[in-house]
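Below is one structure; the comments refer to it alone.
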Amino acid sequence: MTKPNNKTLLKSIRKALIKDVEEIFSLAGRPGREGLILPLTRMDLYSRLRDYYVWLDEKGRINGLCGLHISWDTLGEIRSLIVTEDYRGRGIGRKLVEACLAEAVELGLTQVFALTYRPDYFGYLGFGEVDKSILPQKIWMDCIHCVKFPQCDEVAMMLDLETPEVNP
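Taken in order, the sequence shown gives residues 1108 to 1275; the numbers are from my numbering.
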């Protein structure tokens, strides 16, 4: 399998569409069951579909997902970052996050956070570790419903959009 170039990666990312819900639901099933992301129900996907970007492979199948969820007036969350195993290591996750960050800037958000088991990855993208206690909106909206609450072992990472320092 040949690696797609950056131009191909950019053309392959788009906002999720209604017709994508079942494919996204299937893609997110395993990571959700394994606790790598918050489980996504069909109801979640339909009600928050506009939050998500998808990456399509050369056959038009969805093999990547990332969402930008608005948490508060200046704060957004990067959530549900998934790239299938066959496509990891090609910059697809980074391009998905960048699409979300570009939208966050357009919307006027000044900070974006992620809860992750891959802090090194988000650190590479310019995020810095923060204490989860500074994210009360997240705790009371999503985390309280998680099976891991209150013993969450994810790392909170934050990016200041006014002075991003994303690696080249």
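For each residue, glycine too, the CB sits at the ideal point set by N, CA and C. These numbers come from a predicted model, not from an experiment.
- At a Cβ-Cβ threshold of 8 Å, T1223 and V1262 count as neighbours.
- According to the DSSP assignment, G1230 belongs to no beta strand (DSSP E) but to the alpha helix (DSSP H) extending over P1226 to Y1231.
- Here E1184 is buried: its Cβ has 16 or more other Cβ atoms, across all protein chains shown, within 10 Å.
- In the structure shown, D1267 falls within a strand segment according to DSSP collapsed to helix, strand and coil.
- Each of I1241, E1205, R1137 and A1221 was checked against the Cα of R1121, and the nearest Cα belongs to E1205.
- Secondary structure in the stretch 1147-1231: the beta strand (DSSP E) runs of 3 residues or longer, each lying completely within the stretch, are 1159-1163, 1169-1177, 1182-1190 and 1218-1223 in chain order.
- With 16 or more other Cβ atoms from the protein chains shown falling within 10 Å of its own Cβ, D1127 counts as buried.
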